[in-house]
Amino acid sequence: MDKRIELLLIFLGTIMALVSCGVIQNEEKDMLAETTTVKEETKEIETTQSDDKKEYLSGIVPEELEYIPEEYKQPAEHPGTLEKLTYTTWESFTYEEHSQELTKEAWVYLPYGYSEEEKYNVFYLSHGGWSNETTLMGTDTDPHPLKYVMDHAVEDGKIQPLIIVLPTYNNTSEEDSGDYSLAIELTDRFHNELVNDLIPAVEGKYSTYAEDTTPEGLAASRDHRGFGGFSMGSVNTWNTFRYCLDYFRYFMPMSGSYSLRSIGKGFFYIKADLVRQQGYTADDFFIFAASGTDDFAYSAFKAQIDAMSSDSDGMFRLAHSEAEGNMSFLEREGYRHDSIASDEYTYNGLRFFWNRDTQEQADDTQADTAVAGTDYNVTTGTEEYRGFVLDNVLHSDTEGDIHYNLYVPENYDGSEPYALFFTLPGYQGLYFQGVGENIRTEEFGFVAQEYNPKMIIVAPQLEDWGERSARQTIALTEYFLDVYNIDTTRVYAEGYSGGGETLSLVMGMRPDLYTAYLQCSSQWDGGYDAVVEARTPVYLVVGEKDEYYGCLPSDNAYDAIHDLYEKQGLSDSEIDELLVLDIKPTTYFTSQGTTNQHGAGGYLFVRDEEIMGWLFDHQKGQTE
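Written out as structure tokens, the structure reads:
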């Protein structure tokens, strides 16, 4: 099925969810009567503790989601391992009959230093549509970025060492998840395979808190087991909550509302009776939910969370800790339905689950680092030119001396956040050409003031256009974000000629630092994946006969980025919001009295309101 069709079906489904919530109470009662999860004997097992003996295993849910550090997306010094687990189960639709045996695979993440002498918490992470068991973390020979994120987070003490199991609800074909209606059905039936076959296969092989894999043994260790997923994986999570509270305490639904369309009962949200019917109370589970405001599933997902938390029964209580409630909902402004969001929500959720001690330690460490990080070694310049203080120097222990010219509006006093603009020069503006030469020969830093009077402007003078200068630019950006009161939704970057080469390298490393990037009369030297993952808007403008670069490098960069967005399932209109290629014809220059397309590019483009307006009109979290 085409990706766009899935999105349409899900969108229609979420609309139906909102419409039908008030008219299906009788159907809910029918469904509740149908709910059966485990054998009757497991009902007799006492799996909860009295309030006076309750030991909460998890930490504090932060007020805001933490961004994944960029360095976490690269291999860690102490990596965990991925192992393939093969197990036997039964065809999903005839599971009870055991008429068709299936051999399936799951991938298992083991943290660095895994030992049979230790006990580990286990988190089962479900993929979404058009996916399989290898999608989220990859394989042993082809690991995906989320695997690296887990490695780093465990290494840095942000996540307690744990086992992550990556199964699939695909049934007889690995293409099953690509059929939306079928996937709905399969997620509703997956609990049979999960509790009877997969969990025993995993926890019979690896060292977990389960003393044995009998229903009794698994129920007794439920506090040390969680389940989560994004999109259709979130639907799978809600179904696991519906059927499997005997075996799971922690749940992480992400951008996917609960649907029972597959069994002809319409749509509805989780009710208190679903918990009571399984023999549990409000103290016996915690739901960590997350979504992005620009996610097509956001409205229905948030409506479900709101309906659950406002239920007069009081079963679901929004809170930031287990001691105060049993559900949290975090949202990221501007995030969409993609792997960037999925990985970030997963990272944040696992920082909470089972991290009462390690999270507190990590937070203390971060606080100490933040205080120490403000102690920068900076030499302030003494000469001024048109409002800029020239030749300030940030002395970096790792990146050396970083020279820059700085404009700070007179009314800035740190009491309110200001925008931030980085403008990188061409050859004439490099440091060896002379202090302040970049702003004496280029107008970007001055024209920018006309677009936003509350904006700090940084004009670095670097030594070259290579990776060292790119790292210096990143370090300088981080310095301003740390020391000054900056509106992080308005951080802009522009590079002309060689400055564009440098900033394209920056975009290949840390595009998340910037709201939007304008490249003038240059070429793209950096990678493409990171800027696509971060969805940082890019504008490429160059003359069709640029004497230095020509227009082909910009054309190639546009095609490469465009293709990556297409692979993510974005429409042409959505891509157009993120990527612009503006090749100026010769007449653009001749009509303004010049034939020098490269040299005049910096002069003309900075005065073009359409070009500069595109850059400064952007704000993170807002649709353009």
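Sequential numbering of the sequence shown, starting at 28, is according to the working numbering. Ideal Cβ positions, reconstructed from N, Cα and C, are used throughout, including at glycine. Bear in mind that the values here come from a model prediction, so they are computed numbers and not experimental data.
Counting C-beta atoms within 10 angstroms of its own C-beta, G156 has 16 or more neighbours from the protein chains shown and is therefore classed as buried. According to DSSP, W134 shares a beta bridge with K111 and L193. E574 is not bridged by DSSP to any residue. In the DSSP annotation of this structure, the continuous segment of the beta strand (DSSP E) that includes R359 starts and ends at M354 to R359. For the beta strand (DSSP E) assignment, the uninterrupted runs of no fewer than 3 residues enclosed by the stretch 416 to 444 are, from N- to C-terminal side, 427 to 434. Residue environment: A350 is assigned as exposed (fewer than 16 neighbouring CB atoms within 10 Å of its CB, all protein chains considered). By the CB criterion at 7 Å, Y506 and Y362 fall outside the cutoff. Under the criterion of beta carbons closer than 8 Å, V558 and G527 do not qualify as touching, at roughly 14 Å. E124 has its alpha-carbon roughly 47 Å from the corresponding atom of E91. At a Cβ-Cβ threshold of 7 Å, V533 and T500 count as neighbours. Between V149 and I190, the CB-CB gap stays under 7 Å.
In the three-state scheme derived from DSSP, where H, G and I count as helix and E and B as strand, G319 is classed as strand. DSSP places A561 within a helical segment (H, G or I) once states are collapsed to three.
By the criterion of a C-beta distance shorter than 6 Å, L225 is surrounded in its chain by P194, once the five residues flanking it on both sides are discounted. The DSSP-derived three-state label of G527 is helix.
The continuous alpha helix (DSSP H) containing D599 extends over residues D599 to L605. Counting C-beta atoms within 10 angstroms of its own C-beta, T130 has fewer than 16 neighbours from the protein chains shown and is therefore classed as exposed. Distance from the CA atom of T407 to the CA atom of L545, rounded to whole angstroms, is 28 Å.
Ranking G306, E230 and H251 by CA distance to the CA of T241 puts E230 first.
Sequence-distant partners of R383 (beyond 5 residues in either direction) whose C-beta falls short of 7 Å from its own C-beta, in its chain, are Y83, L84, S85 and G86. In the displayed model, D609 falls within a strand according to three-state DSSP.
Put simply, the backbone Cα of L530 is about 39 Å away from that of S204. The beta carbon of V416 sits closer than 6 Å to the beta carbons of G408 and L433 from its chain, once the five residues preceding and following it are set aside; these are given in chain order.
When the five nearest sequence neighbours on each side are left out, the beta carbons in the same chain lying within less than 6 Å of the beta carbon of R537 are those of E97 and I501, in order along the chain. The criterion of a C-beta distance shorter than 7 Å is not satisfied by H430 and Y454. Between the stretch 204 to 223 and the stretch 256 to 266, the count of Cβ pairs shorter than 8 Å is three or higher; the stretches touch. Distances from the alpha-carbon of S318 to those of S355, R344, S336 and I513 put S355 closest.
Counting only the Cα atoms, I602 lies some 8 Å from E593.
DSSP links G306 through a beta bridge to no other residue. With respect to the 7 Å criterion, A543 and P564 are classified as neighbours on the basis of their beta carbons. D539 is a Cβ neighbour of A561, given a cutoff of 7 Å.
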